[in-house]
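For reference, the structure is listed below as structure tokens.
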Amino acid sequence: MSDYKAFRVEVADKIAHVLINRPEKVNAMNADFWTEIIEIFRWVDATDEVRVVVLSGAGKHFSSGIDLMMLAQVGSQLGKDVGRNAEALRRKILELQASFNAVDNCRKPVLAAIQGYCLGGAIDLISACDMRYSTADAQFSIKEIDIGMAADVGTLQRLPRIIGDGMMRELAFTGRTIGGEEARSIGLVNRTYADASALLDGVMEIAREIAAKSPIAVRGTKEMIRYMRDHRVDDGLEYIATWNAAMLQSADLRVAMTAHMSKQKPEFAD
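The sequence shown begins at 69 in my numbering and counts up one residue at a time.
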């Protein structure tokens, strides 16, 4: 793997642990972050050895969101022509959206482990993950409203499907901060842990459980869940019928059934 400036990536037990690695900057998302996350998740997608991703932040906090220095740099590049400025800003926003689309589109399940601050752009990021877990004292906020803008990298599009439309509107309009327990109560996180160490241990245990399953079955399950966000039930049923017409011929099905009948743990190929 390549060396990264904004991340550290470790692989063990078929799990890729992707850490945002700028603790001295509260893991703010700088220019390197936005380009490297695409490269990392393309690698994850293409690497059969990796079956699950755990995404976390180094240090005391998950992430404080987009680096304000980066925003200032974008602003300094604008000229006097409104049309050209709008074109440049639109292109930049679409580039940033592509970074979190890479997380959302990843074939492997992505589990976010969140401690400390999870603010602004970090909410966009965890919204693109499959599951979210946090410490009880984690702090979540859709902060964009407080700097005079609408969140534009996925929060307003993905979060309603996670916590519901009304609660998303409340958090987006007020920018208020919620703790880990409230995040759990509204479904933003699946469960909370006492501290960062217990959080990472717990999330890794869940990741190992997923990694032990058939990668073909996990892939199909994620694809069907993603498909149903934008389609009717009958569309989804038609799609899974076509998908499983091929996937049910996988050796994984025979391995799983044999292991179940013999009460042994199955071992699946990458």
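All residues carry an ideal CB built from backbone N, CA and C; glycine is no exception.
Contact between the segment 82-98 and the segment 133-140 is present, with at least three C-beta pairs closer than 8 Å. Taking 8 Å as the cut-off, the beta carbon of S131 is found closer than this to the beta carbon of Y185. Counted as a single uninterrupted DSSP element, the beta strand (DSSP E) harbouring L187 occupies residues Y185 to L187.
The C-alpha of E117 lies about 44 Å from the C-alpha of L146. In the DSSP annotation of this structure, the continuous segment of the alpha helix (DSSP H) that includes L162 starts and ends at V150 to D172.
By the beta-carbon neighbour count (other beta carbons within 10 angstroms, threshold 16), D320 is buried. In the structure shown, H328 falls within a helical segment according to DSSP collapsed to helix, strand and coil. Of the candidates I215, M272, I161 and D233, the residue whose Cα lies closest to the Cα of V178 is M272. Per DSSP, A218 lies in no beta strand (DSSP E) and is assigned neither H nor E. S202 is the residue among G151, S202, D302 and I210 whose C-alpha sits nearest the C-alpha of V122. In the three-state reduction of the DSSP assignment, E117 falls in the coil class. When the Cα atoms are used, I293 and H299 turn out to be separated by approximately 10 Å.
DSSP places I246 within a strand segment (E or B) once states are collapsed to three. Per DSSP, the continuous beta strand (DSSP E) segment holding R200 begins and ends at M199 to T203. Residue ranges of uninterrupted beta strand (DSSP E) with 3 or more members, entirely inside the segment 230-289 and ordered along the chain, are 259-261. Note on geometry: alpha-carbon atoms of D81 and L162 lie some 35 Å from one another. Between R175 and K290 the beta-carbon gap is near 7 Å, inside 8 Å, which marks them as a contact. The beta carbons of I191 and A206 sit no closer together than 8 Å. In the structure shown, the three-state DSSP call for I210 is coil. By the CB criterion at 8 Å, I108 and V79 fall outside the cutoff. In this structure, the CA atom of E306 is about 17 Å from the CA atom of A285. In the assembly as shown, R237 is an exposed residue. Its beta-carbon has fewer than 16 other beta-carbons within 10 Å. The Cβ atoms of S195 and I230 lie closer than 8 Å to each other. For E306, the enclosing alpha helix (DSSP H) has its first and last residue at V301 to M315. Relative to L227, the option among I278, E249, R276 and R297 whose CA is nearest is R297.
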